[in-house]
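Protein chains in written order, with this note's numbering: chain A, 62 to 390; chain B, 7 to 238; chain C, 48 to 334.
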């Protein structure tokens, strides 16, 4: 779009959503692990998957203001769908991914009708309850899910017929990174569209929305379904790149973890989930030898500190620093 | 609480709704716009029965209100807020594929509204950074963006100092005659200047209706206000 | 476990009473200040560990440790309220959830560090062990004790609410905070006292829970879910609602485990979601 044909307000809005040099640098930097840390590509793949999952939560939490304590339901549902398809003989990754995405989306669509009707504590409890329900169901349906032992016998074919998923993680990281980037582009488009503006309106003041003629429940259902698809894709990636699926993909623990990750990075800032995922996963990898109790002690302390001192997460804190620095000029 | 309210607003009129605190004025607006459900009765807009419609559907029919306490979007800029209202009206708000600046007509319309309310200079700043009086104007801007046929203003100048409220009311009086306006107000000077007809409410009922002069002269009205002062 | 429907009812009701004592404090404080304190069960856990330390470590009698469990939970909660919670009364629901979840994480880690991750043993005094036979049915003595204590607590709470001035202030503050302040009630002080009492009751509940539900380092997490179910289903700010919801939950849980063991906790979550959809504000909720 040529700038000269835009009016002043349009130019202003356009400047807000333009690609920043820092963003381009960031995405180029995601290629560095291939060169700098070729032995850790499996971890890099995990980070990309977690980042995609956190991004999906950001859509509903950071932008629409829906607090969900059960978002892992869609992650796990996508994971098991992809795993089962492969286990039953169809190991082609890309089509498996699409089917898992559709399945998670269908689940998201159905539950969105419930979600859109409630607010405050009832909504939090319902998201928690639905997540726990699905986790319990998966636990009980051991004949399907493998129960506590996890899904066995997931064998993936070569990606695009060329690249095999292996312990080195090269194919895995390439695959996850590309999918993350595509998911990011989609989220970015969505946020910068009129629909994204409507979501922010719901978050900023849900009471005002009907008064300007906005069908909030319809908007919420739409974004919730999209977020479910994205979470399902992340789950499917995990199943395919690790060739295993376990019950913890659906657990409350995972829902809580992704919430912590998003808040750490900063919700409602598009990159918050990615930043949070990088920090969290790298830290967890570094401290993996430590007693899990210590890990949760520090996560808990970090969470308290973030809420008290850094309410908009790391990205929010950085934005504030930048604003402070700009002031004298 | 509102009881036995029968109200008819002819098109294009300027009505003031007055009454002591607790008379049920805001409740009436909440009922008309659908934020609370009536136990009995019907509401018509033109010839259409809108009693069963949800609030957002009534807005689409042209029935719009503003809020007594600023009910705005703190972190959205004024431009974004009004553009949002315009997009909702035009049906763009469901579109997630094209970016917002591409909808030039919506952005232009929003900007024009802000210009007409003299908010254009600060329209890029977040709403929470605007002065109180500007926020009250933004309340009205949001309502105007929906192209109302009937506009219900709940104490539009509430909290605005005397000097600035004149500007606010000149904006209201400049509104097109196609729009029917009802505003809740306590300041009798304003009522006299801008209202063609006045409705008086007390204790949840409509006491009477008439021209400002008739209302001012009516003993019952004085009783209702003075009686209220004694009770309080 | 007694093998009959009546037995399930009795055991379920006893379990429900335990949940009531654990939850009632949260229900009232949530209804009053709308502050989402997900760390409520951390205070319960504290009470439980205090009892364990006193009885196992110092040889105190079980009954004597109960008031100490109550008092220590209440005191610690006052400290938390002053230092941390007070800052977030006006904050978003999300921030309150996150802060208190952080506290849960920390408390679970601390408990594991000090006490390890095993189930804590408890030596009940002889007169609370075993069962007694009434009308041909066998009743566990501890469960009878539990029901008795809970009913006494309920009676005291209801009486205090109805007949004392403080109780009237609590009711006013729950009903309409702004108006209560306008009437000159020091809502902040009322809340602080109510919060301490509620957390104290949670501590007492934690101590009482050891025998029935077990106590380990993860208690703050495990029982949080049940407490939240009771509070949201019963309705915020309602003692009667908590009583009813806790009873329902206790009985359904027992019934589910006894009659449909393959379903596990499925039934509870399903009932909760269904009830919340029917009545989002809880059975007796106002807001």
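We put the beta carbon where it would ideally sit given N, CA and C, even for glycine.
Remember, predicted model here, so these are calculated numbers, not experimental data.
(message) Contact between the region 310-320 of chain C and the region 178-190 of chain A is defined here as three or more beta-carbon pairs at a separation below 8 Å; is this criterion met?
(response) yes
(message) Between residue 256 (chain A) and chain B, is any beta-carbon pair separated by less than 9 Å?
(response) yes
(message) Give me, in chain order, the residues of the same chain whose beta-carbon lies closer than 7 Å to that of residue 333 (chain A); leave out the 5 immediate sequence neighbours on both sides.
(response) Taking C-beta separations shorter than 7 Å and ignoring five residues to either side along the sequence, the partners of residue 333 (chain A) in its chain run 119, 123, 323, 326, 327, 374 and 376, following chain order.
(request) With DSSP as the reference, label residue 79 (chain C) as helix, strand or coil. (result) helix
(message) What does the alpha-carbon distance come out to for the pair residue 271 (chain A) and residue 120 (chain B)?
(response) Each residue's Cα considered, the two are about 21 Å apart.
(request) Run through the region 81-159 of chain B for me and flag every whole alpha helix (DSSP H) of 4 or more residues, listed as ranges in chain order. (result) 84-96, 110-122 and 138-151
(message) Can you pull out the residues from the region 125-139 of chain A whose beta carbon lies closer than 8 Å to at least one beta carbon of chain B?
(response) Of all residues in the region 125-139 of chain A, none has a Cβ within less than 8 Å of some Cβ in chain B.
(request) Output the distance between the C-alpha atoms of residue 296 (chain A) and residue 115 (chain A), rounded to the nearest integer angstrom. (result) Looking at the two C-alpha atoms, the distance is approximately 11 Å.
(request) Give, in chain order, every unbroken run of the alpha helix (DSSP H) that is at least 4 residues long and sits entirely within the region 26-73 of chain B. (result) Complete alpha helix (DSSP H) runs here, min 4: 31-39 and 61-67.
(request) Could you check what DSSP says for residue 181 (chain A) in three-state terms: helix, strand or coil? (result) helix
(request) Please list the partners that residue 89 (chain B) has in chain A, where partner means a Cβ-to-Cβ separation under 9 Å. (result) 70, 74, 255 and 258
(request) Using only alpha-carbon positions, find the residue among C:90, C:54, C:98 and C:65 that is nearest to residue 181 (chain C). (result) Taking only the C-alpha atoms, the option nearest residue 181 (chain C) is C:54.
(message) To the nearest angstrom, how far is the alpha carbon of residue 234 (chain B) from that of residue 228 (chain B)?
(response) Residue confidence for residue 234 (chain B) is low, a pLDDT of 45 falling below 50, so the modelled location carries little weight; the figure read from the coordinates is stated next. Cα-Cα distance, rounded: 10 Å.
(message) Can you check which of these residues, C:127, C:297, C:262 and C:332, is closest to residue 194 (chain C) by C-alpha distance?
(response) C:297
(request) Identify the contact partners of residue 372 (chain A) in chain B, using a Cβ-Cβ distance below 8 Å as the criterion. (result) What residue 372 (chain A) touches in chain B: nothing, since even the nearest Cβ is about 13 Å away.
(request) Measure from the alpha carbon of residue 106 (chain B) to the alpha carbon of each residue in A:354, A:281, A:253 and A:162, then state which is nearest. (result) A:253
(request) Compare the C-beta of residue 144 (chain C) with all C-beta atoms of chain A and state if any pair is closer than 9 Å. (result) Interface residue (Cβ-Cβ distance to chain A less than 9 Å): residue 144 (chain C) is classified as such.
(request) Less than 8 Å between the CB atoms is what I'm expecting for residue 289 (chain C) and residue 71 (chain C), so what's the real figure, rounded? (result) The pair is a contact, with the Cβ atoms about 5 Å apart (cut-off 8 Å).
(request) Name the two residues that bound the continuous beta strand (DSSP E) containing residue 217 (chain A). (result) Neither: residue 217 (chain A) is in no beta strand (DSSP E) and is coded neither H nor E.
(message) What are the residues in the region 88-120 of chain B lying within 8 Å of chain A by C-beta distance?
(response) 89, 90, 91, 93, 94, 95, 98, 99, 100, 101, 102, 103, 104, 105, 106, 107, 108, 109, 110, 112, 113, 114, 116 and 117
(request) State the start and end residues of the unbroken alpha helix (DSSP H) segment that holds residue 132 (chain A). (result) Taken as a continuous stretch (DSSP letters only), residue 132 (chain A) belongs to no alpha helix (DSSP H), as it is neither H nor E.
(message) Going by DSSP, what residue range makes up the alpha helix (DSSP H) through residue 244 (chain A)?
(response) 231-252
(request) Look up residue 85 (chain A) in the DSSP assignment and give the residues it is bridged to. (result) As DSSP reads the structure, residue 85 (chain A) sits in no beta bridge.
(request) To the nearest angstrom, report how far apart residue 40 (chain B) and residue 62 (chain B) are at their CA atoms. (result) Approximately 9 Å between the Cα atoms of the pair.
(message) Quick check: what's the CA-CA separation for residue 223 (chain C) versus residue 136 (chain C)?
(response) 16 Å
(request) Quick one: list the residues of chain B neighbouring residue 164 (chain A), beta-carbon separation under 9 Å, in chain order. (result) Below the 9 Å Cβ cutoff, chain B contributes no neighbours of residue 164 (chain A), its closest Cβ being approximately 22 Å away.
(message) Let me confirm a value: residue 43 (chain B) is counted as buried when at least 16 other C-beta atoms fall within 10 Å, else exposed. Which label applies?
(response) exposed
(request) Output the boundary residues of the alpha helix (DSSP H) element that contains residue 225 (chain C). (result) 224-229
(message) Here's the rule: buried if 16 or more other CB atoms are within 10 angstroms of the residue's CB, otherwise exposed. What is residue 285 (chain C)?
(response) Residue 285 (chain C) should be labelled buried.
(message) Please classify residue 306 (chain C) as buried or exposed, where buried requires at least 16 other C-beta atoms within 10 Å of its C-beta.
(response) exposed
(request) Give the secondary structure of residue 180 (chain C) by DSSP, where H, G and I count as helix, E and B as strand, and everything else as coil. (result) strand
(request) Output, in chain order, the set of chain A residues within a Cβ distance shorter than 8 Å of residue 66 (chain B). (result) 274
(request) Kindly say whether residue 23 (chain C), judged by its beta-carbon, lies nearer than 9 Å to any beta-carbon of chain A. (result) Here chain C covers residues 48 to 334 and nothing more, so residue 23 (chain C) does not appear.
(message) Quick check on the burial criterion: 16 or more other C-beta atoms within 10 angstroms. Buried or exposed for residue 186 (chain A)?
(response) Residue 186 (chain A) should be labelled buried.
(message) Could you compute how far the alpha carbon of residue 294 (chain A) sits from the alpha carbon of residue 157 (chain B)?
(response) Looking at the backbone, the Cα of residue 294 (chain A) and that of residue 157 (chain B) are separated by about 47 Å.
(request) Answer with yes or no whether the minimum CB distance from residue 262 (chain A) to chain B is below 9 Å. (result) yes
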